[in-house]
Amino acid sequence: MNMQWLPKHQELSKKINEIKKVQAEQAWDLLSAAAQTDLNFLETIQVDKVLNEKFRGVTPPGISAPPIRLALLSSSTVDQLLPGIRVGGLRRNLWVSTYVTDYGQSLQELMDSSSRLHQFKPTVVLIAFDALSFFGTQPLGLTAESASSKLERALDQVQTLWRLSREKLGVRIIQQTPLPLYHPLMGHNEQRLPDSPYHLLRVFNARLRVLADEQNIDLLDINSWAAKEGLKEWHDPVLWHKAKQEVSPQAGPMYGELVGRILAAQLGRSFKCLVLDLDHTLWGGIIGDDGLEGIKLGQGSGLGESFAAFQRFARDLASRGVILAVCSKNDEKTALEPFEKHPEMVLKKTDIAYFAANWNDKASNLRVIAKQLNIGLDSLVFVDDNPYERNQVRGELPMVAVPELPEDPALYPDCLVSAGYFEAVALTAEDVVRSEQYQKNLERDKTQASFTDISEYLKSLDMELIWGPFDPLSLPRVTQLINKTNQFNLTTRRYSEEETKRFSTDPKAVTLRCRLTDRFGDNGIIGIMIALEQKGGDWVVDTWLMSCRVLGRGVEQAMLDLLVQESEKKGVQRLIGQYFPTAKNGMVKNHYADLGFEPMDSDSADNTRWALKLDSKKKFNYFIKSREGN
Amino acid sequence: MNQSEILERLKKVIVQVLGDDQIALTLTTTAEDVEGWDSFNHINIIVGAEMEFGVKFNAAELEDLKNVGDFVALIEKRLAKKN
């Protein structure tokens, strides 16, 4: 049984020998990195041995999650699963110590407050009783009464374990669903045999689900997992009889991975954001080459159906609180085209909390995405069909989860399901509104909040404003911004692409489009200005708008300096600014005053005019370099 | 695969399970001779050998293992049936 979403390891033994030599601080990170690979049973034991050697009873330094002390209450042998559990925790950056109650002693140890179980001081209890411990090996009673009393007794038994764990230890409880170790005696319609242990177990597992919800118990549903992967992969009858292992050692790494993701979910440390590549990931083909009509998506081909199904899966994840983002090497306009125009597109632009389509490397874009969404890089899952991109990101950002995507898109959803990145133990109201909320957050620049000295931060951004007049390359984006920008927009004048184009060739107009780049990446065209000559020699700023994303970084000042510079070339002496209030643009009410313009007049609609004599313009301080370019 | 090759690969498995690369193994070595080779690790070694050689042992065969030589012979028998 493989963890196919994890890459194969390379030279594990060599790495382990290196880790043995380093200090504890480094060892954890190196071990955690080693655990982000598809480790089999023997390899898991090796990693676990170093883990125990390095941190025997001592919490590794620099781990942000609280240490987890997991006690297993079991009726059968579970020691073979412990390395997998500890490595499963390691993979999620959780430090897990384990304790197993003595064989057949779970209840006694629970009740005796001086027992080793109590001395262990668990933070979590995992109840891993096998089916036979609930339903025994007695001959069938063959009556409905016998069946019902067996079922109730088993449910009482499990609830007693819950109650005692809660009362005596006061800890969070994980309940494992028992594997189907009984054999059906009738077959498909086993439910018609009263007292069939095979059927009783099925009912038991269903009832367990209801009771667990009522009593706030989290399930570890290995029963369903084994059904999906095949019971043979999970349970070996030879080892069951030889060593009473309900879960066979080969399944240990996967078992531990499942425990690890539940533990992470309980701590709110599951992954939060699904970052999607576009070409070959959300649709077949390359939008930049194949065009809107050429890409494969939706009805008409099996491939297209597969991509649509994957999009539906992503959409449904989003509706339960997983944030979606896009990270694609594309022109933004091209990348957005399917979202805006393709009829079979399931995901809409509004489903995407952050859309990074540019030509920067993907690791840089993922940094921007995490920053903009104000979540940790270790919350990101990056899905890309291209192995080159995957490895670049793994190398640069080891904390980002990067699944080995199967070649066929039909298998994409199952890959993400198997990887369990978004395991959740509760659906909060916050989850439901999360996507929406994150989109709103983007409108503010949250990154500043944590910096005490804003100018230090701005300096560190290495911002560059790349500017030029409107030109064919930028016209579509310029027109788009002119027609959609509401907030940072002084006059809210809307122009068609034709009109915008006319300004670009008008000698009595100065046009500016500005792109802002910083060390996190390219923000795209974020500022637009149109200044027009008026009768009498003054020039009026007809249009000035900016993307709210870049507010408070000095872009306004840098743009005004550019306008002044370009106006002076035309002999302009005075600039007139206008502010036309709308329901949405209150944020720029004092824009011209803040920039040192003098108030001129206002009319009955509260439209205001402002004037700036170019020879008396103040010198601004900002940390943006400007250069002409695209 | 001859006996010494099987022994070499079996030794690799045992080293991985016990985490000790100083183990000396011959065909006459028994579990009692090796530190850490208890009943728990015995199962791990069996499962590890099944993975390493791509074979499956049955319960009766496992009951009869007295020393490493028996183990190597069993693996040899299973490999022969596989081909």
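Protein chains in written order, with this note's numbering: chain C, 238 to 867; chain R, 910 to 992. Every residue, glycine too, gets a C-beta built ideally from N, C-alpha and C.
Can you tell me whether residue i is buried or exposed, with buried defined as 16 or more other CB within 10 angstroms of its CB?
| i | result |
| --- | --- |
| P186(C) | Look at the range of chain C in this structure, 238 to 867, and you will see that residue 186(C) is not part of it. |
| W781(C) | buried |
| K533(C) | buried |
| T208(C) | Residue 208(C) falls outside the range modelled here, since chain C spans only 238 to 867, and no answer is possible. |
| D831(C) | exposed |
| P320(C) | buried |
| M766(C) | buried |
| E972(R) | exposed |
| P234(C) | Since the displayed chain C opens at 238 and closes at 867, residue 234(C) lies outside it and no answer follows. |
| H828(C) | buried |
| M582(C) | buried |
| D393(C) | exposed |
| K677(C) | In this predicted model, K677(C) has a pLDDT of only 49, less than 50, meaning its place in the structure is not dependable enough to derive any value. |
| M240(C) | buried |
| R627(C) | buried |
| Q609(C) | buried |
| R864(C) | exposed |
| P415(C) | buried |
| S687(C) | Residue confidence for S687(C) is low, a pLDDT of 44 falling below 50, so the modelled location carries little weight and cannot support an answer. |
| R429(C) | exposed |
| Y340(C) | exposed |
Find the nearest neighbour of residue i within the set the options, judged by alpha-carbon distance.
| i | options | result |
| --- | --- | --- |
| G493(C) | N760(C), N720(C), C751(C) and L331(C) | L331(C) |
| K231(C) | R400(C), R329(C) and L369(C) | Given that chain C is displayed from residue 238 to residue 867, the structure contains no residue 231(C) and the question cannot be resolved. |
| D929(R) | Q375(C), K465(C) and V287(C) | V287(C) |
| D651(C) | Y694(C), A308(C), F544(C) and L695(C) | F544(C) |
| Q452(C) | K465(C), S433(C), Q428(C) and W399(C) | W399(C) |
| E970(R) | D979(R), F962(R) and G963(R) | D979(R) |
| F357(C) | L379(C), S334(C) and L363(C) | S334(C) |
| T748(C) | G705(C), V337(C) and L610(C) | G705(C) |
| N950(R) | N992(R), T939(R), T937(R) and V926(R) | V926(R) |
| A968(R) | K479(C), E577(C) and T296(C) | K479(C) |
| V512(C) | L468(C), L495(C), S433(C) and A555(C) | A555(C) |
| R403(C) | F371(C), I364(C) and R390(C) | I364(C) |
| E248(C) | E280(C), V618(C), E262(C) and I703(C) | E280(C) |
| E660(C) | L344(C), G497(C), F371(C) and P244(C) | G497(C) |
| S350(C) | V395(C), I411(C), L406(C) and D367(C) | L406(C) |
What residues are listed by DSSP as bridge partners for residue i?
| i | result |
| --- | --- |
| S839(C) | T845(C) |
| S334(C) | R306(C) |
| V362(C) | A308(C) and I410(C) |
| Q926(C) | This structure cannot speak to residue 926(C), because chain C is shown only from 238 to 867. |
| E510(C) | Note that residue 510(C) corresponds to Cys in the displayed sequence, not to Glu. Paired residue(s): I560(C) and L617(C). |
| S565(C) | A594(C) |
| S784(C) | DSSP output for S784(C) lists no bridge partner at all. |
| W776(C) | E770(C) and L812(C) |
| E865(C) | W704(C) |
| L753(C) | L702(C) |
| D759(C) | T754(C) |
| A270(C) | DSSP lists no partner for A270(C). |
| G521(C) | K533(C) |
| V747(C) | A768(C) |
| D588(C) | D588(C) pairs with nothing; no bridge assigned. |
| N726(C) | L782(C) |
Subject >> Stretch-stretch touch, CB-based, cutoff 8 Å, three pairs: the stretch 848 to 862 of chain C with the stretch 737 to 749 of chain C >> reply: no
Original post:
Below 8 Å, can you find three or more Cβ-Cβ pairs linking the stretch 558 to 575 of chain C to the stretch 479 to 493 of chain C?
Top reply: no
**OP:** Closer than 7 Å, Cβ to Cβ, to anything on chain C: give me those residues from the stretch 956 to 982 of chain R, in chain order.
**Re:** V956, G957, M960, N967, A968 and L971
Original post:
Below 8 Å, can you find three or more Cβ-Cβ pairs linking the stretch 431 to 442 of chain C to the stretch 502 to 521 of chain C?
Top reply: no
Subject >> Chain-ordered residues of the stretch 268 to 286 of chain C with a beta carbon less than 7 Å from chain R >> reply: N277, F278, L279, I282, Q283 and K286
Subject >> Short-range partners of chain R found in the stretch 467 to 478 of chain C, where Cβ spacing is below 7 Å >> reply: V475, L476 and H478
Original post:
Quick one, which residues of the stretch 302 to 326 of chain C are near chain R if we go by CB-CB under 7 Å, in chain order?
Top reply: D316 and Q317
**OP:** Would you check if the stretch 537 to 552 of chain C and the stretch 594 to 612 of chain C touch, i.e. whether three or more CB-CB distances between them fall below 8 Å?
**Re:** no
**OP:** Could you say if the stretch 464 to 480 of chain C and the stretch 252 to 266 of chain C meet the contact criterion of at least three C-beta pairs nearer than 8 Å?
**Re:** no
Original post:
With a cut-off of 8 Å, do at least 3 Cβ pairs link the stretch 524 to 541 of chain C to the stretch 560 to 574 of chain C?
Top reply: yes
Original post:
Can we say the stretch 347 to 366 of chain C touches the stretch 300 to 309 of chain C, given the rule of at least three CB pairs closer than 8 Å?
Top reply: yes
Original post:
Going along the chain, which residues of the stretch 932 to 954 of chain R sit with their C-beta nearer than 7 Å to a C-beta in chain C?
Top reply: F949, I952 and N953
Original post:
At a cut of 8 Å, does the stretch 709 to 724 of chain C reach the stretch 750 to 769 of chain C through at least three beta carbon pairs?
Top reply: yes
Subject >> Residues from the stretch 477 to 500 of chain C in contact with chain R, defined by Cβ distance under 8 Å >> reply: H478, K479, A480, Q482, S485, P486 and Q487
Original post:
Do three or more CB pairs link the stretch 839 to 854 of chain C to the stretch 799 to 816 of chain C at distances below 8 Å?
Top reply: yes
Subject >> Cβ contact (3+ pairs, closer than 8 Å) linking the stretch 289 to 298 of chain C and the stretch 460 to 467 of chain C >> reply: no
Original post:
When Cβ atoms are compared, which residues of the stretch 918 to 933 of chain R fall closer than 7 Å to chain C?
Top reply: V922, Q925, V926 and G928
Original post:
Three or more C-beta pairs closer than 8 Å, one from the stretch 606 to 624 of chain C and one from the stretch 638 to 648 of chain C: is that the case here?
Top reply: yes
Original post:
Does the pairing of the stretch 957 to 966 of chain R with the stretch 912 to 924 of chain R give three or more beta-carbon distances under 8 Å?
Top reply: yes
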